[in-house]
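Asks:
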Amino acid sequence: MDQSNDKVGGYHLETLDNAELPKAFDEAVQMRSELDNLPFAALDGYQVAIASSIVSNKGFIRQMSSGGIALNPTQVAVWGGMLSTGQFIGVGLLQLGTDILGRKKAMHLTWLMLVISVALETAATNWLYWLFAKLIAGAGLGMMQATYPVYISEQAPTQIRGSLTTSYMFWYVLAQIFAPLALRQLAITDPYDFRTAILTQWGMLGVLLAINIFLPESPWWLVQKGMYDKAGRVLAQTHKGVTGYDVKKELSIMVATVKHEKRIAAEEKNQYKEISKGVNL
Numbered sequence: 027m028d029q030s031n032d033k034v035g036g037y038h039l040e041t042l043d044n045a046e047l048p049k050a051f052d053e054a055v056q057m058r059s060e061l062d063n064l065p066f067a068a069l070d071g072y073q074v075a076i077a078s079s080i081v082s083n084k085g086f087i088r089q090m091s092s093g094g095i096a097l098n099p100t101q102v103a104v105w106g107g108m109l110s111t112g113q114f115i116g117v118g119l120l121q122l123g124t125d126i127l128g129r130k131k132a133m134h135l136t137w138l139m140l141v142i143s144v145a146l147e148t149a150a151t152n153w154l155y156w157l158f159a160k161l162i163a164g165a166g167l168g169m170m171q172a173t174y175p176v177y178i179s180e181q182a183p184t185q186i187r188g189s190l191t192t193s194y195m196f197w198y199v200l201a202q203i204f205a206p207l208a209l210r211q212l213a214i215t216d217p218y219d220f221r222t223a224i225l226t227q228w229g230m231l232g233v234l235l236a237i238n239i240f241l242p243e244s245p246w247w248l249v250q251k252g253m254y255d256k257a258g259r260v261l262a263q264t265h266k267g268v269t270g271y272d273v274k275k276e277l278s279i280m281v282a283t284v285k286h287e288k289r290i291a292a293e294e295k296n297q298y299k300e301i302s303k304g305v306n307l
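In this text, residue positions in the sequence shown follow the numbering used here: the first is 27, and each later residue adds one.
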């Protein structure tokens with residue numbers, strides 16, 4: 027199919043074979059993208075590490091065991107299972123919502139879920155409240171894992187996409203180191219203080235909100251929904267000052283790719299349907 031003469035939203039569509047990717051990217055684009063990764067991945071890793079490390083804090087043990095000196099092993103196991111259950115639910119639900127609502131709205135929903143979870147953790151006074159907080163926290167983490175990596179892969183230029191994915195994992199692992207260090211410092215200064223470690227998450231949530239507000243919608247999602255002019259404006263904004271970058275050419279590649287994916291998906295849908303049919307039906 028010749029798409030060279032097609033026009034969508036005022037843009038000429040070019041075939042993927044003839045389109046050229048930009049050859050030079052400004053270093054500021056990469057630095058800005060990596061800094062945007064920091065609070066997402068750090069909060070993700072910090073939440074997971076706090077959940078597993080805080081159970082050794084004397085104050086946490088006293089609070090969640092109603093004044094005892096040891097936690098119930100069954101309760102500790104249930105907390106871990108509830109966190110994983112929440113992650114499974116969050117990933118499953120938001121994968122559908124991300125395509126319907128858009129990446130930006132999905133990120134706001136993720137932030138709201140994380141705020142609720144941290145608020146519950148801050149106010150938890152017994153093991154049942156903490157159990158519910160872990161369920162919500164797991165859902166928030168699952169939603170984050172279903173949203174931000176997708177957004178990064180869609181926004182990042184092809185040349186640095188791999189490094190940005192690695193950057194996400196770097197901050198995730200680094201935050202898991204800081205969580206037990208924070209609890210270790212509390213064990214030295216005030217062995218029965220565990221809420222300070224929980225409260226530190228509010229700072230990351232504040233940074234996350236500020237970034238979410240200013241992040242543009244994914245141009246790939248906009249193209250999928252037929253919002254070509256908005257997608258063009260996002261590309262122009264995020265690649266401002268990049269040497270050799272052609273917004274119209276890049277947008278034409280995206281439109282052609284989405285059309286091709288939809289056509290393949292429709293063909294595969296028919297093939298799957300035919301598997302259950304008998305001969306000559």
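Heads up, the beta-carbon is just placed ideally off N, CA and C, and yes, glycines get one too.
(1) Tell whether a beta-carbon distance below 9 Å holds between Thr148 and Leu225.
(2) Who are the near neighbours of Ile290 in its chain, counting only those whose CB is closer than 6 Å to its CB and skipping five residues on each side?
(3) Given a cut-off of 9 Å, decide if Gly166 and Leu190 are closer than it, judged by their beta-carbon atoms.
(4) With distances taken between CB atoms, is the gap from Ile87 to Ala223 smaller than 9 Å?
(5) Can you give me the C-alpha to C-alpha distance between Lys288 and Ala68, rounded to a whole angstrom?
(6) Identify, in the order they occur along the chain, each residue of the same chain with its Cβ nearer than 7 Å to the Cβ of Ser244, setting aside the five sequence neighbours on each side.
(7) Determine the contact status of Gln101 and Trp153, defining contact as a CB-CB distance below 9 Å.
(8) Determine the extent of the alpha helix (DSSP H) in which Asn238 is found, giving its start and end residues.
(9) Three-state secondary structure (DSSP) at Gly107?
(10) Whole angstroms is fine: what's the gap from Thr215's alpha carbon to Ser91's?
(11) Using only the alpha-carbon positions, how far apart do Val249 and Met280 sit?
(12) Thinking Thr173 and Ala132 are a contact (beta carbons under 8 Å), I'd like their distance in whole angstroms, please.
(13) Quick one: what's got a C-beta closer than 8 Å to Tyr194's C-beta in the same chain, skipping five residues either side?
(14) Give the DSSP-derived three-state secondary structure of Leu97 in the structure shown.
(15) Can you list, in chain order, the residues of its chain with a C-beta nearer than 6 Å to that of Lys160? Leave out the 5 residues immediately preceding and following it.
(16) Counting C-beta neighbours from all protein chains within 10 Å, is the total for Glu293 16 or more, i.e. buried, or is it exposed?
(17) For Ile95, which residues of its own chain have a beta-carbon under 8 Å away from its beta-carbon, when the five flanking residues on both sides are left out?
(18) Check for me: the alpha helix (DSSP H) holding Val249 runs from which residue to which?
(19) Measure the C-alpha to C-alpha separation of Ile142 and Gly168 and round it to an integer number of angstroms.
(20) How close, in whole Å, do the beta carbons of Ala201 and Ala75 come, if the pair is a contact with beta carbons under 8 Å?
(21) Out of Phe204, Asn98 and Trp247, state which residue places its alpha-carbon closest to the alpha-carbon of Leu157.
(22) Based on Cα-Cα distance, which residue from Asn238, Phe240 and Val273 lies nearest to Asp255?
(23) Report buried or exposed for Ile239, applying the criterion of at least 16 other Cβ atoms within 10 angstroms of its Cβ.
(24) Our contact map puts Gly85 next to Phe220 with C-beta atoms below 8 Å; I'd like the distance itself, whole angstroms only.
Replies: Reading from the atomic positions:
(1) Against a cut-off of 9 Å, the Cβ pair of Leu225 and Thr148 comes out as a contact.
(2) Exclusion of the five residues before and after Ile290 leaves no residue of its chain whose Cβ lies closer than 6 Å to its Cβ.
(3) Cβ distance not < 9 Å, so Leu190 and Gly166 don't count as in contact.
(4) No; because the gap between Cβ atoms is not below 9 Å, this pair is not in contact.
(5) Cα to Cα, the separation comes out at about 35 Å.
(6) Cβ within range, chain order: Arg129, Tyr177, Glu180 and Gln181.
(7) Between Gln101 and Trp153, the gap from beta carbon to beta carbon is short of 9 Å.
(8) Run containing Asn238: Arg221 to Phe240, per the alpha helix (DSSP H) assignment.
(9) It is helical.
(10) Thr215 and Ser91: Cα-Cα distance of roughly 22 Å.
(11) Roughly 7 Å between the two C-alpha positions.
(12) That belief holds up - the Cβ atoms of Thr173 and Ala132 are roughly 5 Å apart, short of 8 Å.
(13) Excluding positions up to five away in sequence, the list reads Asn63, Phe66, Ala67, Tyr174, Pro175 and Ile178.
(14) Collapsing the DSSP output to three states places Leu97 in coil.
(15) The residues are Trp105, Met108 and Leu109.
(16) Glu293 is exposed by the Cβ-count criterion.
(17) Here Ile95 has Ile87 and Arg88 as same chain residues with Cβ atoms under 8 Å from its own Cβ, once five neighbours each way along the sequence are excluded.
(18) Here the alpha helix (DSSP H) through Val249 covers Pro245 to Gln250.
(19) A direct Cα-Cα distance of roughly 14 Å separates Ile142 from Gly168.
(20) Between the beta-carbon of Ala201 and that of Ala75 there is about 7 Å, and that keeps the pair under the 8 Å contact cut.
(21) Nearest option by C-alpha distance: Asn98.
(22) If we check each option's Cα against that of Asp255, Val273 comes out closest.
(23) With fewer than 16 Cβ atoms within 10 Å of its Cβ, Ile239 is classed as exposed.
(24) Between Gly85 and Phe220 the beta-carbon gap is near 4 Å, inside 8 Å, which marks them as a contact.
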